[in-house]
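**Q**
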């Protein structure tokens, strides 16, 4: 064995879980209650490699609702609904970067890692509002480096960052207003394509942790409907801009992450 990865302790209430004490948590019960994807996401994203953390069912619910239901799930639903309502579910491919609004920035903490060549790679906190390409162009190198170093919690944050970026893009560009003005048809096409293409890439990035949800996104996008093998449906090399061809027809949205209450 060339490498042994030892994760931190899952504590509960500040104390180590113990059968004798009776403070253990049954993962099968939680999976049945919240879904396997919800539990897997919490376990993989809420503990940093090499560190201890406290298990909290309330936090599991919060992470699920905030990161998955409100952010990624909401983005998928909004994107496909707008594609259907304004463009008859048909994509118009574009290489536009929409730089006229590039000065808008996002809050948050930057993710910085050193890749295998020793070069420092940063996913900036103040990413350009419509510069999705600027983030996505850096993803394969950054994502691979994080996964190779077993920093799954940070790798998971990349997909969440893109989804947050996209939801802000929707609020900034107001596609429902663009749809009222025939002279802004090209801009509306570009916004919808940016969103749909980002959703496709998000599905690839979440597939190691959320396989069921990732398949659900691909199914709704009508992307790789009949893969020759499941292992070929999600390839990191496909996480680059321009995968959805001009004229591609997406499907109807189906709720991926219904909100849950504590």
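In our numbering, the protein residues as written are 1070 to 1331. We treat Cβ as the ideally placed atom computed from N, Cα and C, and that holds for glycine.
What does the alpha-carbon distance come out to for the pair residue 1100 and residue 1250?
**A** Rounded to the nearest angstrom, the gap between the Cα atoms of residue 1100 and residue 1250 is 47 Å.
**Q** Where residue 1107 and residue 1096 are concerned, what is the direct C-alpha to C-alpha distance, given to the nearest angstrom?
**A** 11 Å
**Q** Just the C-alpha distance for residue 1110 and residue 1252, rounded to the nearest angstrom, thanks.
**A** 43 Å
**Q** Tell me, please, whether the stretch 1315 to 1322 touches the stretch 1112 to 1123 by the rule of three or more beta-carbon pairs shorter than 8 Å.
**A** By the Cβ test, the stretch 1315 to 1322 is not in contact with the stretch 1112 to 1123, since fewer than three Cβ pairs between them sit closer than 8 Å.
**Q** Mapping DSSP to helix, strand and coil, what is residue 1278?
**A** Three-state result, residue 1278: coil.
**Q** With three or more beta-carbon pairs closer than 8 Å as the criterion, would you say the stretch 1299 to 1310 touches the stretch 1125 to 1144?
**A** no
**Q** Drop a sphere of 10 angstroms on the beta-carbon of residue 1232, count the other beta-carbons inside from all chains shown, and report buried for 16 or more, exposed for fewer.
**A** By the neighbour-count criterion, in which a residue is buried when 16 or more other Cβ atoms sit within 10 angstroms of its Cβ, residue 1232 is buried.
**Q** Among 1211, 1105 and 1216, whose alpha-carbon lies nearest the alpha-carbon of residue 1074?
**A** 1216
**Q** Please confirm if the stretch 1082 to 1093 is in contact with the stretch 1135 to 1146, defined as three or more CB-CB distances below 8 Å between the two stretches.
**A** The answer is no - the stretch 1135 to 1146 does not touch the stretch 1082 to 1093, with fewer than three Cβ pairs under 8 Å.
**Q** How many angstroms separate the CA atom of residue 1076 from the CA atom of residue 1245?
**A** Distance between the alpha carbons of residue 1076 and residue 1245: 47 Å.
**Q** On the DSSP letters alone, give me the boundaries of the alpha helix (DSSP H) that residue 1245 sits inside.
**A** 1244 to 1247
**Q** Give me the DSSP bridge partner(s) of residue 1318.
**A** 1159
**Q** Do you know offhand how far residue 1163's Cα is from residue 1272's?
**A** 20 Å
**Q** Can you check the stretch 1073 to 1146 for any alpha helix (DSSP H) of at least 4 residues that lies completely inside it and give the ranges in chain order?
**A** 1096 to 1103, 1105 to 1114 and 1126 to 1132
**Q** Here's a check: name, in chain order, each residue in its chain whose Cβ is nearer than 7 Å to the Cβ of residue 1220, leaving out the five neighbours to either side.
**A** 1118
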